[in-house]
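K.L.:
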Amino acid sequence: MASDMTQISHQKLLIIDFGSQVTQLIARRLRELNIYCEIHPFNKVTSAFLTEFDPKAVIFSGGPASVIDENSPRPPIEVFDLGVPILGICYGQQVMMQMLGGKVERGHGTAEFGRAFVAPSAKKLPLLDGWFEADKEQVWMSHGDHVSAIADGFEVYGTSPNAPFAITADTKRNFFAVQFHPEVHHTPNGAKLYENFVKLAGFTGDWTMGLYREQAIATIREQVGDKKVICGLSGGVDSSVAAVLIHEAIGDQLTCVFVDHGLLRQGESDEVVAMFRDNYNIQLIHADEQELFLGELDGQSDPETKRKIIGSLFIDVFQKYANQIEGAEFLAQGTLYPDVIESVSFSGGPSVTIKSHHNVGGLPEKMGLKLVEPLRELFKDEVRALGRELGLPASFIGRHPFPGPGLAIRCPGEITREKLDILRKADAVYIDQIRKHNLYDEIWQAFVAILPVRTVGVMGDGRTYDFACALRAVTSVDGMTADYYPFTHEFLGETATRIINEVEGINRVTYDITSKPPGTIEWE
Ligand code: XMP
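Position one of the sequence shown corresponds to residue 75 (my numbering), numbered consecutively onward.
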């Protein structure tokens with residue numbers, strides 16, 4: 075089976091992954107053009123897979139291997155007989171040349187890493203429409219080996235100082251091969267190249283959220299039939315969008331369980347409950363389990379212990395409430411595409427790693443439930459677009475990510491109710507400041523951590539001995555790496571003053587200027 079969505083009638087593009095760090099970016103560029111594509115590792119792409127998948131075009135990604143090495147990764151030879159356009163990128167270019175009769179050689183002074191400039195040849199190529207308006211184009215190279223002879227049928231359309239075959243094409247078969255990476259931002263005009271490629275492959279850009287919504291609803295109805303579905307709501311965007319979509323498909327066959335572990339932000343619990351009950355009329359169990367969680371966390375200060383307690387209680391509690399829903403056969407999860415892409419590893423031969431990062435992980439097996447994952451094909455920003463399509467409030471869709479263990483990991487050391495109360499108030503003031511200054515949407519995530527230390531201060535004529543806190547705000551694309559946000563000193567000063575004046579229990583405010591790595595975004 076190529077995909078869960080093969081019954082859906084999108085035009086499909088296949089990306090064969092040879093292990094490049096930036097393969098996902100190819101998919102991003104294509105999705106931005108309303109093209110449906112899937113990434114599959116080369117070792118899963120057999121001739122039979124190609125027939126079943128039936129792509130309208132194929133892209134070979136880059137990769138760290140060398141085609142000169144024995145047993146280097148290859149696509150099945152039949153890919154060249156599909157009669158569809160193929161674009162080879164970096165390693166993908168080299169593998170295409172090698173398999174079609176060209177030659178690839180090791181670096182020896184011709185390696186190129188980073189920025190380079192490609193100049194055009196005299197002949198025009200539709201793939202390059204909109205390119206070379208200046209006399210050369212900036213591209214991003216990352217190759218040790220290089221093509222030293224092109225295959226029969228290919229011609230050269232662009233060269234760089236170290237890559238005489240930077241852009242080549244066989245226009246009869248619509249095979250294109252480029253040495254650089256058009257998917258990265260350092261190839262500023264790269265998106266244009268993808269746009270031209272899909273245009274000449276005959277794609278019409280039929281991958282829209284409106285259509286996705288209709289088709290996902292049909293798929294959910296078919297999968298679930300007249301059975302019941304339960305969905306764990308965290309209040310985050312993914313689970314909320316999944317819930318609203320499933321509700322649209324099956325109405326009251328869906329019940330959501332929202333576990334309040336006492337580690338939510340100020341007003342959060344009421345907001346989530348009101349949104350689902352009032353706006354959507356979704357059946358919702360509001361599981362108030364604050365006593366249980368805070369009781370079990372009492373006296374615990376080790377970060378991993380705290381996480382494990384929360385994770386395991388979450389499963390127990392969810393299971394307890396889910397058991398009350400008679401006939402539930404399905405569990406809905408907001409799993410996203412980046413979580414399910416199978417990545418290629420070259421250590422010890424091709425292997426498959428699938429990330430899974432769910433706050434209710436382990437539940438389906440334990441309870442014998444089948445999974446409904448209607449967001450499996452989507453990237454995070456597409457989930458937001460689907461949320462907008464479904465009419466979720468913009469303020470809700472744009473919310474910063476919030477971790478499953480909640481405020482527990484923003485309260486280093488022992489968690490007490492007093493500290494949680496102080497933290498909630500300080501966090502609310504900080505976020506209010508960020509919103510007032512119109513900075514919320516520029517920031518990936520912002521929060522306060524309350525520190526396990528009291529410091530001496532002076533307020534009015536009196537001595538204070540209260541908690542210190544740290545403000546955190548980062549910019550990031552995916553949470554994997556992050557930079558601290560460069561607030562102005564005025565903003566920081568004003569915010570510190572407000573927190574100390576408005577939040578009893580805090581008398582010192584610091585700003586965390588650690589990037590990730592070496593820090594992490596959360597404090598625990
Ligand atoms: P770190 O702290 O690892 O966080 O840099 C990266 C991103 O992941 C979020 N995060 C979590 N999200 N369950 C979640 O749902 C968790 O256990 C968890 N831990 C961290 C964090 O808020 C940031 O966005």
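The beta carbon of each residue, even a glycine, is placed where N, CA and C say it ideally should be.
1. Is it the case that the Cβ atoms of P147 and F116 are separated by a distance below 8 Å?
2. Unbroken alpha helix (DSSP H) runs of length 4 or more, entirely within the segment 456-542: which are they?
3. Using the beta-carbon count (16 or more within 10 Å), is G373 buried or exposed?
4. When the Cα of T594 is compared with those of N512, I483, K301 and T569, which residue comes out closest?
5. Is I428 helix, strand or coil when you go by DSSP?
6. When the cut-off is 8 Å and only beta carbons count, does G137 lie next to chain C?
7. Could you pull out every residue in the same chain whose Cβ sits closer than 7 Å to the Cβ of S343, ignoring the five residues on either side in sequence?
8. Whole-angstrom Cβ separation of F565 and R546, contact assumed at under 8 Å?
9. Which residues in the same chain have their Cβ closer than 8 Å to the Cβ of R166, if we skip the five residues on either side of it in sequence?
10. Using the C-alpha atoms, what's the distance from L174 back to R473?
11. If we ignore side chains and look at the alpha-carbon of each, how far apart do G423 and V141 end up?
12. CB-CB under 8 Å to N108, same chain, minus the five flanking residues each way: which ones, in chain order?
13. Counting along the chain, where does the alpha helix (DSSP H) carrying I109 start and finish?
14. Between which two residues does the beta strand (DSSP E) containing P194 stretch?
15. Within the same chain, show all residues whose beta-carbon is closer than 6 Å to that of A590, passing over the 5 residues directly before and after it, in chain order.
16. Taking any heavy atom of ligand 1 as the mark, which residues have a C-beta closer than 6 Å to it, listed down the chain?
17. Nearest to A139 by CA position, among G341, R180 and R572, is which residue?
18. List the endpoints of the continuous alpha helix (DSSP H) containing V347.
19. Closest to P377 by CA distance: which of Q327, G480 and D495 is it?
20. Would you decide whether D155 is buried or exposed? Buried here means 16 or more other CB atoms lie within 10 Å of its CB.
21. Pull the bridge partners of F250 from the DSSP assignment, please.
22. Taking the alpha carbon of A190 as the reference point, which residue from S216, K440 and V169 has its own alpha carbon closest?
23. Is it buried or exposed, P15, if we count other Cβ atoms within 10 angstroms and call 16 or more buried?
24. Within the same chain, show all residues whose beta-carbon is closer than 6 Å to that of D203, passing over the 5 residues directly before and after it, in chain order.
25. If contact is defined by three or more beta carbon pairs under 8 Å, each pair taking one atom from either stretch, is the segment 344-355 in contact with the segment 382-394?
26. Span of the alpha helix (DSSP H) holding V391?
27. Please go through the same chain and pick out, in chain order, the residues whose beta-carbon is closer than 6 Å to the beta-carbon of K266, but skip the five residues on each side of it.
28. With distances taken from CA atoms, which of A402, L445 and K454 is nearest D413?
29. From F254 to E229, what does the alpha carbon distance come to, in whole angstroms?
30. Please name the residue or residues paired with F134 in a DSSP beta bridge.
31. Do the segment 313-333 and the segment 386-405 touch if we need at least three Cβ pairs shorter than 8 Å?
32. Going by CA-CA distance only, name the one from A317, A193 and V221 that's closest to Q168.
33. Secondary structure at N581, three-state DSSP: helix, strand or coil?
34. Please return the same chain residues whose Cβ sits closer than 6 Å to the Cβ of I160, not counting the five positions on each side in sequence.
35. Does the distance from the CB of I517 to the CB of Y585 come in under 8 Å?
36. Between which residues of its own chain and L199 is the CB-CB distance below 6 Å, once the five residues before and five after are set aside?
P.N.:
Here's the rundown:
1. For P147 and F116, yes; Cβs fall inside 8 Å.
2. If we require 4 residues or more, the alpha helix (DSSP H) runs fully inside the segment 456-542 come out as 468-471 and 491-510.
3. Exposed, since its Cβ has fewer than 16 Cβ neighbours within 10 Å.
4. Of the listed residues, the one whose Cα sits closest to T594 is I483.
5. Low confidence applies to I428: its pLDDT is 29, below 50, so where it sits in the model is not reliable enough to give any reading.
6. You won't find chain C in this structure, because it holds only one protein chain.
7. Only residues of its own chain outside the window of five on either side were considered, and among them D334 have a CB closer than 7 Å to the CB of S343, listed in chain order.
8. Not confirmed; about 14 Å, so no contact.
9. Position check: residue 166 holds Gly in this sequence, whereas Arg was assumed. So the list reads I90, F92, I133, F134, S135, G136, G137 and A251, once near-sequence residues are dropped.
10. Taking the Cα positions, R473 is about 50 Å away from L174.
11. Annotation note: pLDDT 34 at G423 (below 50); position unreliable, coordinate value reported separately. G423 and V141 have their C-alpha atoms roughly 15 Å apart.
12. Excluding positions up to five away in sequence, the list reads G279, D280, W281 and T282.
13. Per DSSP, I109 belongs to no alpha helix (DSSP H) and is neither H nor E.
14. In the DSSP assignment, P194 falls within the beta strand (DSSP E) that extends over E186 to P194.
15. According to the sequence as given, residue 590 is Lys; it is not Ala. Within the same chain, Cβ atoms closer than 6 Å to the Cβ of K590 are found at T555 and A556, the five residues on either side in sequence being excluded.
16. That query returns the following residues: N433, P475, P477, G478, P479, Q519, G553, K590, T594, I595 and E596.
17. Distance check between A139 and each of G341, R180 and R572 places R180 closest, using alpha-carbon atoms only.
18. From DSSP, the alpha helix (DSSP H) with V347 extends over E342 to A348.
19. Of the candidates Q327, G480 and D495, the one whose C-alpha sits nearest the C-alpha of P377 is G480.
20. Exposed is the call here.
21. Beta-bridge pairing links F250 to L161 and A243.
22. Put simply, of S216, K440 and V169 the residue whose alpha carbon is nearest the alpha carbon of A190 is S216.
23. In this structure the chain extends from 75 to 598, so residue 15 is not present and cannot be described.
24. Taken in chain order, the residues that qualify are N270.
25. At 8 Å Cβ cutoff, the stretches do not touch.
26. Per DSSP, V391 belongs to the alpha helix (DSSP H) from P377 to A396.
27. Taken in chain order, the residues that qualify are G204.
28. D413 has its Cα closest to that of K454, out of A402, L445 and K454.
29. Between F254 and E229, the C-alpha separation is close to 17 Å.
30. Paired residues: I90 and G162.
31. The answer is yes - the segment 386-405 touches the segment 313-333, with three or more Cβ pairs under 8 Å.
32. Distance check between Q168 and each of A317, A193 and V221 places V221 closest, using alpha-carbon atoms only.
33. For N581, the secondary structure class from DSSP, reduced to helix, strand or coil, is strand.
34. V132 and F249.
35. The Cβ-Cβ distance between I517 and Y585 does not fall below 8 Å.
36. Within the same chain, L199 has close Cβ partners Y231 and A243.
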